[in-house]
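Reviewing the structure listed below.
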Amino acid sequence: MSNKRLIIALDFKNIAEMSYFISNLDPKKCIVKVGLQLFIAEGPKVLDFLSQRDFEIFLDLKLHDIPNTVKKSVEEISQYNVKLTTIHLQGGQDMIQAANEAKGSTKILGVSLLTSLDESDIRKLYNNDFKKQFNNLINIAMETNIDGIVCSSQELELIQDPSLIKVVPGIRNQNSSDDQKRVMTSKEAYSKGADFIVVGRPITQAKDIEESIKDYS
Ligand code: C5P
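Here it is as structure tokens:
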């Protein structure tokens, strides 16, 4: 992997909107993330479009299904020039292993608990406290040879294994009132050990994109 540590979430409607935005980006300075919206709208051609322009790609589809379906899906993903891709750790150990078997040179990241969920959401969903639920998921992941974890910066210190790649969304350098609940600034996230941070709207909707990239780099 390169030494870039900023991942920009390309949460756009289609390639036309996305390509206008990426004309402001230097592929040497950031990795780009393709999520559900853009992938559903455009399919794999978005991956070819970005790799032809020298961008490293994080394909964030957060797979969560039976092991065989996830294995076959990861096999397809690994045919493209995708550096990082995501599965939900909640799919369980067999599903994580199935993804690992099919990954080729793509690295697999396990999504722990979404940064849009807080303590009370976790209590309602799992009747468990946040930290315990998080630790359960990480312990399951550590019994596999998964490459990394997606978590909020507030949970970074709970991950003991230094070999796991730590990818952190929910980054806000300014106050915001959107759907992200467990947020932190980029500086704090890097200082707590994030290998990569994921930033979407604070950069894609910034008035001065170049300035905002500097702010989050
Ligand atoms: O716009 P914002 O900075 O909130 O974008 C964060 C991106 O990271 C979104 O594309 C979202 O899907 C993704 N993500 C997240 N929380 C996770 C995993 C991925 O916000 N746990």
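In my numbering, the protein residues as written are 23 to 239. Ideal Cβ positions, reconstructed from N, Cα and C, are used throughout, including at glycine.
Alpha carbon to alpha carbon, how far is residue j from residue i? Give it in angstroms, no decimals.
| i | j | result |
| --- | --- | --- |
| I88 | L111 | 12 Å |
| E179 | K51 | 27 Å |
| K35 | I130 | 25 Å |
| M206 | K84 | 22 Å |
| D217 | N90 | 30 Å |
| K146 | T226 | 33 Å |
| Q196 | K105 | 29 Å |
| D201 | S127 | 33 Å |
| Y148 | K188 | 24 Å |
| L60 | L186 | 28 Å |
| I160 | I181 | 7 Å |
| E97 | L69 | 15 Å |
| L72 | I193 | 24 Å |
| Y212 | V221 | 13 Å |
| N46 | D151 | 42 Å |
| I219 | T166 | 23 Å |
| Y42 | N122 | 35 Å |
| T137 | D143 | 11 Å |
| E177 | S234 | 25 Å |
| Q101 | K229 | 36 Å |
| S239 | A31 | 14 Å |
| A163 | L28 | 24 Å |
| I118 | I109 | 8 Å |
| S208 | D33 | 19 Å |
| P49 | E232 | 13 Å |
| G57 | S199 | 21 Å |
| G114 | N103 | 26 Å |
| A120 | N158 | 19 Å |
Around the C-beta of residue i, are 16 or more other C-beta atoms found within 10 angstroms, so that it is buried, or is it exposed?
| i | result |
| --- | --- |
| Q155 | buried |
| K153 | exposed |
| K67 | exposed |
| D169 | buried |
| K236 | exposed |
| R75 | exposed |
| K125 | buried |
| K93 | buried |
| E141 | exposed |
| S175 | buried |
| I62 | exposed |
| K224 | A small correction: the amino acid at residue 224 is Pro; Lys does not occupy that position in the sequence shown. P224 should be labelled buried. |
| P184 | exposed |
| D82 | buried |
Rounded C-beta distance between residue i and residue j? I'm assuming under 8 Å.
| i | j | result |
| --- | --- | --- |
| I99 | E64 | No, I99 and E64 are not in contact; Cβ-Cβ is about 15 Å, not under 8 Å. |
| F77 | K55 | So it is not a contact: roughly 10 Å between Cβ atoms. |
| L139 | K203 | 7 Å |
| V172 | G132 | 7 Å |
| I44 | K26 | Not quite, the Cβ-Cβ distance comes to about 15 Å (not below 8 Å), so this is no contact. |
Based on the DSSP secondary-structure assignment, which residues constitute the bridge partners of residue i?
| i | result |
| --- | --- |
| F80 | K55, L106 |
| L85 | I109 |
| I118 | BP columns for I118 are empty, so no partner. |
| A63 | Partner(s): none; A63 has no beta bridge. |
| L28 | I219 |
Every unbroken alpha helix (DSSP H) within the segment 120 to 161, with a cutoff of 4 residues, ordered by chain = 141 to 148
At what residue ranges does the segment 157 to 233 contain a whole run of the beta strand (DSSP E), taking only runs of 3 or more?
-> 170 to 172, 187 to 190, 218 to 221
What are the complete alpha helix (DSSP H) segments, minimum 4 residues, inside the segment 35 to 59?
-> 37 to 44
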